[in-house]
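The sequence shown begins at 46 in this note's numbering and counts up one residue at a time.
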Amino acid sequence: MADHVLESRLWLARPRPDVFAFLADPANLARVMPPSFRVRVLTPHVRMEAGAVVDFRIAWLGLPLSWRMFVREWDPPYRFVDVQVNGPYARWEHRHRLLEQGEGTWVEDRVTYRLPAGLLGHAAHALLVGRQLRAAWAYRRDRLIALLAPVSARAG
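So, in structure tokens, the structure goes:
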């Protein structure tokens, strides 16, 4: 079965090192994913670098699932790539790239993924999973904007 690709690009009015630090902190995954996913980091104090492994618990349609992520590439504050080595997908590769522009940072994400179970997985993607991932990514975008928007000076 063919892989699916989810891409996004978001400009944030924050310096690249700040945005990179936020995205690279596994604890922030729960802050940017929909509450229904019930993301829980099981290895919260891992040193993020190439070769790091992070374990999560997530929920999908209320079902608890384990997810192990491996950091395959690490180039702060420019980019990193994490891949699922154990979890609900047959393939999951998330490339994060950060580009400075003016007083802000472009966040470019590319997720390449494939569901297990061949034709059944392909049908599940068409009926539910693709739509659910796009909604989760829209939620993530809104949360990144809310959490990383510039702090305005207080009057007074």
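Each residue gets a CB set at the ideal place from its N, CA and C atoms; glycine is no exception.
By the Cβ criterion, the segment 179-190 is not in contact with the segment 88-96, since fewer than three pairs of Cβ atoms, one from each stretch, lie closer than 8 Å.
By the criterion of a C-beta distance shorter than 8 Å, A95 is surrounded in its chain by V116, R117, E118 and W119, once the five residues flanking it on both sides are discounted.
For R113 and Y158, the gap between their C-alpha atoms comes out near 15 Å. Three or more Cβ pairs closer than 8 Å define a contact, and the segment 66-85 meets that threshold against the segment 96-112. Boundaries for L173: no alpha helix (DSSP H) harbours it, and the DSSP string shows neither H nor E there. Under the three-pair Cβ rule at 8 Å, the segment 150-168 counts as touching the segment 128-139. P109 sits in a strand when the DSSP states are folded into three classes. The Cβ atoms of L143 and V130 lie no closer than 7 Å to each other.
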